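Numbered by my numbering, the letters in the sequence shown go through residues 279 to 800 in order.
Here's the structure we're looking at; comments come further down.
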Amino acid sequence: MPSDLIAPTSFAWALTHIRRFGDTDIFPVPFEYECIAHDWNMVGPLLASADFAERRLSADRRVMMLKPGGGFRAATQLDPLDQLIYTAAVYEAAPLIEEARIPADQNITCSYRIAITPEGAFFPPISGWKAFHERSRLLANADFTHVFVADISDFYNQIGQHRVQNALESAGVSNERSRNIERFLNHMTAKQSRGLPVGPFASIPLSEACLIDVDNLLLRMRCDFVRFVDDIRIFTRSRKAAIETRHILSKYLFESHRLSLEGSKTYVRPVARFIAEELMDPEEQDRDAAAARVKEKLDEIIDRNGPYWDGAFDEDERQGILTQAERESLVELFRACTQQRPFRLGLARYLLRKATQLRTVLLLEEVMQSLEVLAPVMRDVVGYLNLAIPTANAQTYGRRVIDFCHTSDVGELPFVRMWALELLLRRTDAATPAQAIDLATESAADLGDRPVALLAGAHRQVDWVRDRKERWRNYTPWDRRALIWATKALPRGERHPFLALVIDQGDALDAAIAKHLRSMPN
Numbered sequence: 279m280p281s282d283l284i285a286p287t288s289f290a291w292a293l294t295h296i297r298r299f300g301d302t303d304i305f306p307v308p309f310e311y312e313c314i315a316h317d318w319n320m321v322g323p324l325l326a327s328a329d330f331a332e333r334r335l336s337a338d339r340r341v342m343m344l345k346p347g348g349g350f351r352a353a354t355q356l357d358p359l360d361q362l363i364y365t366a367a368v369y370e371a372a373p374l375i376e377e378a379r380i381p382a383d384q385n386i387t388c389s390y391r392i393a394i395t396p397e398g399a400f401f402p403p404i405s406g407w408k409a410f411h412e413r414s415r416l417l418a419n420a421d422f423t424h425v426f427v428a429d430i431s432d433f434y435n436q437i438g439q440h441r442v443q444n445a446l447e448s449a450g451v452s453n454e455r456s457r458n459i460e461r462f463l464n465h466m467t468a469k470q471s472r473g474l475p476v477g478p479f480a481s482i483p484l485s486e487a488c489l490i491d492v493d494n495l496l497l498r499m500r501c502d503f504v505r506f507v508d509d510i511r512i513f514t515r516s517r518k519a520a521i522e523t524r525h526i527l528s529k530y531l532f533e534s535h536r537l538s539l540e541g542s543k544t545y546v547r548p549v550a551r552f553i554a555e556e557l558m559d560p561e562e563q564d565r566d567a568a569a570a571r572v573k574e575k576l577d578e579i580i581d582r583n584g585p586y587w588d589g590a591f592d593e594d595e596r597q598g599i600l601t602q603a604e605r606e607s608l609v610e611l612f613r614a615c616t617q618q619r620p621f622r623l624g625l626a627r628y629l630l631r632k633a634t635q636l637r638t639v640l641l642l643e644e645v646m647q648s649l650e651v652l653a654p655v656m657r658d659v660v661g662y663l664n665l666a667i668p669t670a671n672a673q674t675y676g677r678r679v680i681d682f683c684h685t686s687d688v689g690e691l692p693f694v695r696m697w698a699l700e701l702l703l704r705r706t707d708a709a710t711p712a713q714a715i716d717l718a719t720e721s722a723a724d725l726g727d728r729p730v731a732l733l734a735g736a737h738r739q740v741d742w743v744r745d746r747k748e749r750w751r752n753y754t755p756w757d758r759r760a761l762i763w764a765t766k767a768l769p770r771g772e773r774h775p776f777l778a779l780v781i782d783q784g785d786a787l788d789a790a791i792a793k794h795l796r797s798m799p800n
């Protein structure tokens, strides 16, 4: 008998979560999830009947994500079935994790408070950053003289998986389940025993669970502090107390977690200097005020159209929905964002997402001229370009994106190529089939054949698909599934016998893709 079963309702919630929020905030969402949803009557029970303790992971995808300062961070996209298992297991543990944390209303641990909804949300829609900033301001204006600012170095990659197991068990998760989560993580990292995958949202509650004991240590020390993820601010009444606290925290993190503090981001400062540099920067206040004004104007526009508005305008509305002042403010703020150093990633994302929601072309040329600067937010760039590129001259813009991939210093990076190819997949009118497939083929050494197969299918390149479908079993899982999906380009009489073969001989996910394709009209 299976010893550790995840509930069917947990898998159903996990699928709802992924279909609404994606499997990561880094990679394009795989088409496989829609196929899984279509075949849920088969896939759901298969997942729910499997022993979590015996799960063997399939191949994941990894890419080095570009950071604003020019560095990189490894990101992971799990196999879709593994992602569902990971999400469902953490979903069941999440309420116990939240209950074990310092209560949210104390505004001490401000990051990612767990508030699960039937609609698939792990967290509230409002970020805890504002609470973190406001409590920092409150403490800075109390009777403290110094602040110890701590940043845990390479936090996600250095978290000990056994510490995850200990944290879960301390929160009330059963010993068996907590050990199986540890085992699952251990297989993800090739038994390196350290690290949470960066990308999956399910990693966030586990990371917060690992810092519960750190929060409790600071409480027992009677520290006045506030934390947001791995950023901690501790306020003291003397420099000596701040240094002593730094020593105690550093010692505890090393001895209990084998974690260390990032030297360049960890310091002790007088509160007055902290206020001047972190809380009261006049230039930042001006930028934030400008951002707030634009946000208020854009929110008013959306509010006028009702809660169920999908963001669409007709052509006349698209040109006239913003006043001249609003247009100038939006463009000016975006231009300032792309020119400032350090690059404000959060503001760039916000402006791109708002422009996407409004379906305005106002930022189109600014975006095209700033692709290299915007490379760390390529996901949001592609989301915007997908809607903003006009149909009439789509290939002009597509050519510019392809040229960027060939000429920019960052254009050959797998993370950038991945999203450029995603744009060409979403907007098949932005490039000829040869242009799109050539770019994907150039990138295959890093990204595999998956982008090539998806583009071949989208562009109905029958000869490409026909030449490879007989060898479908020889491809790696991610590439194989894309090749199966690409057979939608084939005539029905040729496609259906092949799909019947996949259903008969492929694995559960291959079969789900084939069944979904068979149900689709020509």
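A virtual CB, placed ideally from N, CA and C, is assigned to each residue, including glycine.
Note that the structure is predicted; figures quoted are calculated from it, not measured.
If you draw a straight line from the Cα of A378 to the Cα of F401, it is about 16 Å long. A distance below 8 Å between beta-carbons, with the five flanking residues on each side excluded, links R334 to the following residues of its chain, in chain order: H465.
Residue range 672-685 is occupied by the alpha helix (DSSP H) that includes I680. The continuous beta strand (DSSP E) containing A428 extends over residues 424-429.
Of the other Cβ atoms in all chains shown, 16 or more fall within 10 Å of the Cβ of N458; this residue is therefore buried. A residue is called buried once 16 or more other Cβ atoms fall within 10 Å of its Cβ, and D658 is buried on that count. Taking C-alpha positions only, A480 is separated from Y434 by approximately 12 Å. In the three-state reduction of the DSSP assignment, Q439 falls in the helix class. DSSP places Y662 in the uninterrupted alpha helix (DSSP H) bounded by 656-666. One thing to note: E397 has its Cβ no nearer than 8 Å to the Cβ of R500. DSSP places A786 inside the alpha helix (DSSP H), whose first and last residues are 786-797. F776 counts as buried, since no fewer than 16 other beta carbons sit within 10 angstroms of its beta carbon. Here the alpha carbon of I762 sits roughly 14 Å from the alpha carbon of E312.
For M656 and V321, the gap between their C-alpha atoms comes out near 33 Å.
Between the C-alpha atoms of E748 and A789 there is a straight-line separation of about 16 Å.
Here the C-alpha atom of H535 lies approximately 21 Å from the C-alpha atom of I521.
Take D338, set aside five residues on each side of it, and the residues of its chain with a beta-carbon closer than 8 Å to its own are T354, Q355, L356, D357, D360, M466, P475, in chain order.
Here the stretch 424-433 makes no contact with the stretch 285-304; the two share fewer than three CB pairs at distances below 8 Å. The stretch 482-491 makes contact with the stretch 378-388, as at least three CB pairs between them are under 8 Å.
A contact is defined here as three or more CB-CB pairs under 8 Å, and the stretch 406-418 fails this definition with respect to the stretch 441-450. Residue environment for T674: exposed (fewer than 16 other C-beta atoms within 10 angstroms of its C-beta). Rounded to the nearest angstrom, the Cβ distance from R472 to I437 is 7 Å, consistent with a contact under 8 Å. For F400, there is no enclosing alpha helix (DSSP H), as DSSP gives it neither H nor E.
The stretch 723-734 makes contact with the stretch 689-708; the number of CB pairs closer than 8 Å reaches 3 or more.
About 40 Å separates the beta carbons of C683 and R505, which is beyond the 8 Å limit, so they are not a contact pair. Looking at the DSSP output, Y434 shares a beta bridge with no other residue.
Of Y364, A760, I791, R796, the smallest CA-CA separation from R770 is found for R796. The C-beta of D493 has 16 or more other C-beta atoms within 10 Å across all chains shown, which makes the residue buried.
As computed with DSSP, I512 is found in a beta bridge with F426, F503.
Under the three-state reduction of DSSP output, V307 falls in the coil class, being neither helix nor strand. Secondary structure of T467 (DSSP, three-state): coil. Under the DSSP assignment, Q647 falls in the alpha helix (DSSP H) whose first and last residues are 642-647.
In the structure shown, the three-state DSSP call for R379 is coil. With 16 or more neighbouring CB atoms inside 10 Å of its own CB, F330 falls in the buried class. At least 8 Å separates the beta-carbon of P654 from that of K408.
Contact between A698 and V679 is confirmed by a C-beta separation of about 6 Å, below the 8 Å threshold.
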